[in-house]
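Novice:
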Ligand code: NAD
Ligand code: UDP
Ligand code: UDP
């Protein structure tokens, strides 16, 4: 049995990872400050004898004896990471330093949840890991993008200087159950709007693209990366290469929810990337043929079911 620390474990991705690693017979310590995560995401795990929940802010040092660390602590949606940009960059940078210091002390393997945002508004399409990106260092997305870029640097430097065993993944837009309904990401926004019969808010003309990965495919890739050969550090892209415009996404969600919602267009936020699609050849090659199995419509159906139940239970609770 391994003892595994998951920072940000009460968040959307972290909660799925906690569950999967517990089911595989590991002991899991879930560390979270509950900024964007929720106890409801991990409530079913609290009674598990091998699960421990720690309320802690990763910008402060943390001491535990563990074999592996998945570092996910960081708000991930533009609305939340722009709410307190200084705190966001501290979380990425000081959080990375603290998990790396911990990994160095106990000789643990540590995986960093980096992001496709390191490519910024990319000039190369699809994005390969060798592309250095096109990132504004002083814009509204910079606290997140540059924080994650600096964290990648720290991971590489702790590996080179202190021999820490590291892994870096670059996650592309991921969706699924346990997303925070108010975190402003496009999939959760459109589904909640469609289920409530409210207008679907497309920012700009809706022709910008994203490639959406279902959370189970990501979790599978994360675990394969953690267990990959020691010499393979990444960074490696984990995403679904099927690319859609936001208009196509809105139309698919309206159809699947049988909604009467109308599409409206609002202003496009500053520095919003025009296109994003992962090249996943490296992941396929290094992670035993890993590739996403769940395509958009199938993944949307289970995400819609999740939000449908959540909205009904919130309605009942508000009476
Ligand atoms: P999320 O917001 O649901 O989860 C992040 C978790 O980190 C939350 O539970 C939050 O409370 C916690 N957290 C934030 N600041 C913290 C701090 N200072 N100390 C301790 N805990 C803190 O987001 P998510 O989608 O689950 O993302 C998880 C990770 O994956 C993040 O690092 C994110 O940058 C990365 N990522 C996600 C996506 C995606 O599409 N979901 C894409 C790229 C990268
Ligand atoms: N750290 C931690 N847990 C540990 C070991 C270290 O949180 O188990 C923190 C430590 O407080 C420091 C950071 O990790 O702020 C980096 O540690 P490192 O040993 O690399 O640097 P130093 O302590 O020499 O600054
Ligand atoms: N978006 C949108 N309507 C919304 C929320 C987002 O049209 O209600 C757009 C946003 O401008 C971006 C895309 O959807 O072009 C993906 O946004 P998200 O915040 O989910 O992720 P990111 O921009 O970080 O990839």
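Numbering (UniProt numbering), first residue to last: 1 to 319. Idealized CB from N, CA, C, for every residue including glycine.
1) Output the distance between the C-alpha atoms of residue 171 and residue 181, rounded to the nearest integer angstrom.
2) For residue 273, I'd like the list of residues in its chain whose CB is within less than 6 angstroms of its CB, leaving aside the five on either flank, ordered along the chain.
3) Going by the C-beta, is residue 3 closer than 8 angstroms to any heavy atom of ligand 2?
4) Tell me whether residue 121, by its Cβ, gets closer than 8 angstroms to a heavy atom of ligand 3.
5) Measure the C-alpha to C-alpha separation of residue 25 and residue 71 and round it to an integer number of angstroms.
6) Figure out for me which residue from 88, 283 and 125 has the closest Cα to the Cα of residue 151.
7) Can you tell me whether residue 217 is buried or exposed? The criterion is at least 16 other CB atoms within 10 Å of its CB, across all chains shown.
8) Along the chain, where does the beta strand (DSSP E) containing residue 243 start, and where does it finish?
9) When the Cα atoms are used, what is the spatial distance from residue 9 to residue 260?
10) Would you say residue 5 and residue 66 are within 9 angstroms of each other, going by their C-beta atoms?
11) Hey, is residue 141 close to ligand 1, as in C-beta under 8 angstroms from one of its heavy atoms?
12) Compute every distance between the C-beta of residue 244 and the non-hydrogen atoms of ligand 3, then say whether any falls below 8 angstroms.
13) Alpha carbon to alpha carbon, how far is residue 78 from residue 166?
14) Exposed or buried, what is residue 226 when buried is set at 16 or more other beta-carbons lying within 10 Å of its beta-carbon?
15) Give the DSSP-derived three-state secondary structure of residue 293 in the structure shown.
16) Threshold first: 3 residues or longer. Then list the beta strand (DSSP E) segments lying entirely within the stretch 99–138, N to C.
17) Starting from the C-beta of residue 105, find all residues in its chain whose C-beta is less than 7 angstroms away, skip the five residues before and the five after it, and write them out in chain order.
18) Closer than 7 angstroms from C-beta to any heavy atom of ligand 3: which residues, in chain order?
19) How about residue 237 and residue 282: do their beta carbons lie closer than 9 angstroms?
20) Please report how far the alpha carbon of residue 31 lies from the alpha carbon of residue 154, in whole angstroms.
21) Does the beta carbon of residue 97 fall short of 8 angstroms from some heavy atom of ligand 2?
22) Whole alpha helix (DSSP H) runs in the stretch 33–100 with 4 or more residues, listed along the chain?
23) Buried or exposed: where does residue 332 fall if 16 or more other Cβ atoms within 10 Å of its Cβ makes it buried?
24) If you draw a straight line from the C-alpha of residue 309 to the C-alpha of residue 247, how long is it?
25) Return the chain-ordered list of same chain residues with a C-beta closer than 6 angstroms to the C-beta of residue 12, the five sequence neighbours on each side being excluded.
26) CB of residue 70 to nearest heavy atom of ligand 2: below 8 angstroms?
27) Are the CB atoms of residue 249 and residue 210 within a distance shorter than 9 angstroms?
28) Are the stretch 93–110 and the stretch 46–64 touching by the rule of at least three beta carbon pairs closer than 8 angstroms?
29) With three or more beta-carbon pairs closer than 8 angstroms as the criterion, would you say the stretch 139–149 touches the stretch 199–214?
30) Does the beta carbon of residue 124 fall short of 8 angstroms from some heavy atom of ligand 2?
31) If you measure from the CB of residue 31, is any heavy atom of ligand 2 nearer than 8 angstroms?
Specialist: This is what the structure gives:
1) Answer to the nearest angstrom: the Cα atoms are 20 angstroms apart.
2) The residues are 121.
3) Because no heavy atom of ligand 2 lies under 8 angstroms away, the Cβ of residue 3 does not count as near it: no.
4) If you check the C-beta of residue 121 against ligand 3, you find no heavy atom less than 8 angstroms away.
5) The straight-line gap from Cα to Cα measures roughly 20 angstroms.
6) Measuring from the Cα of residue 151, the nearest candidate turns out to be 88.
7) Result: buried.
8) Residue 243: member of the beta strand (DSSP E) spanning 243–245, first to last residue.
9) Roughly 36 angstroms between the two C-alpha positions.
10) In this structure, residue 5 lies near residue 66, with their beta-carbon atoms less than 9 angstroms apart.
11) No, since every heavy atom of ligand 1 falls outside the 8 angstroms radius drawn around the Cβ of residue 141.
12) Result no, Cβ not under 8 angstroms from ligand 3.
13) Between residue 78 and residue 166, the C-alpha separation is close to 27 angstroms.
14) By the neighbour-count criterion, in which 16 or more other beta carbons inside 10 Å mark a residue as buried, residue 226 falls on the buried side.
15) In the structure shown, residue 293 sits in coil (DSSP, three-state: anything other than H, G, I, E or B).
16) Complete beta strand (DSSP E) runs here, min 3: 109–115.
17) Same-chain partners within the cutoff: there are none.
18) Residue list for ligand 3: 77, 78, 117, 173, 184, 185, 186, 187, 189, 190, 201, 202, 203, 204, 206, 208, 210, 246, 268, 269, 272, 273 and 276 (CB closer than 7 angstroms to any heavy atom, chain order).
19) In this structure, the beta-carbon distance from residue 237 to residue 282 falls below 9 angstroms.
20) Their Cα atoms are separated by approximately 21 angstroms.
21) At a cut-off of 8 angstroms, the beta-carbon of residue 97 counts as near ligand 2: some heavy atom of the ligand is closer than that.
22) Runs of the alpha helix (DSSP H) lying entirely within the stretch 33–100, each at least 4 residues long, are 78–81 in chain order.
23) Residue 332 lies beyond the residue range present for the chain, which begins at 1 and ends at 319; the question has no answer from this structure.
24) The alpha-carbon atoms of residue 309 and residue 247 are separated by roughly 25 angstroms.
25) Excluding sequence positions up to five before and after residue 12, its CB lies within less than 6 angstroms of the CB of 178 and 179, all in the same chain and listed in chain order.
26) Not so, every heavy atom of ligand 2 lies at least 8 angstroms from the Cβ.
27) Closer than 9 angstroms, so yes.
28) Counting Cβ pairs under 8 angstroms, three or more are found: they touch.
29) No: fewer than three Cβ pairs fall under 8 angstroms.
30) False, no ligand heavy atom lies under 8 angstroms from that Cβ.
31) For ligand 2, not one heavy atom lies less than 8 angstroms from the Cβ of residue 31.
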